[in-house]
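Per the numbering used here, the very first residue in the sequence shown carries number 25; after that it's consecutive. For every residue, glycine included, the Cβ atom is placed at its ideal position computed from N, Cα and C.
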Amino acid sequence: MINELQNKQVQVTTTSSTVLGEFKNFDGSFVVVQTTTGLTYFALTNIVEIKEQYSPTQPEEYDEDDEIVYA
């Protein structure tokens, strides 16, 4: 289910930070996200939540309650 996020914009919340970027890979232990500074690797044990981020150009009827959250 987490691999459905491949190449989508995500917000990764860990026990110590929140990062925005493009989801690249999940190998079972680490989540890889492309950020503006390069590839960032997150140990699965440190991740609190991964949430898909939607484009601001979405239609007006977009409802925040429809967000997909992987925790």
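Buried versus exposed, by CB contacts within 10 Å (16 or more), residue i
i	result
V55	buried
I26	exposed
V57	buried
V36	buried
V34	buried
L29	buried
Closest residue to residue i among the options (Cα-Cα distance)
i	options	result
G45	T64, D51, L68 and T69	T64
N49	S40, N70, F66 and T42	F66
I71	K32, T42 and N31	T42
Reduced DSSP category for residue i - H, G, I as helix; E, B as strand; rest coil
i	result
Q82	Residue placement at Q82 is poorly supported in this model, since its pLDDT is 49, which falls under 50; the coordinates are not used for a value here.
T69	helix
Range covered by the beta strand (DSSP E) that runs through residue i
i	result
Q33	Q33 to T38
Beta-bridge pairing of residue i - partner residues as DSSP gives them
i	result
Q58	E46 and L63
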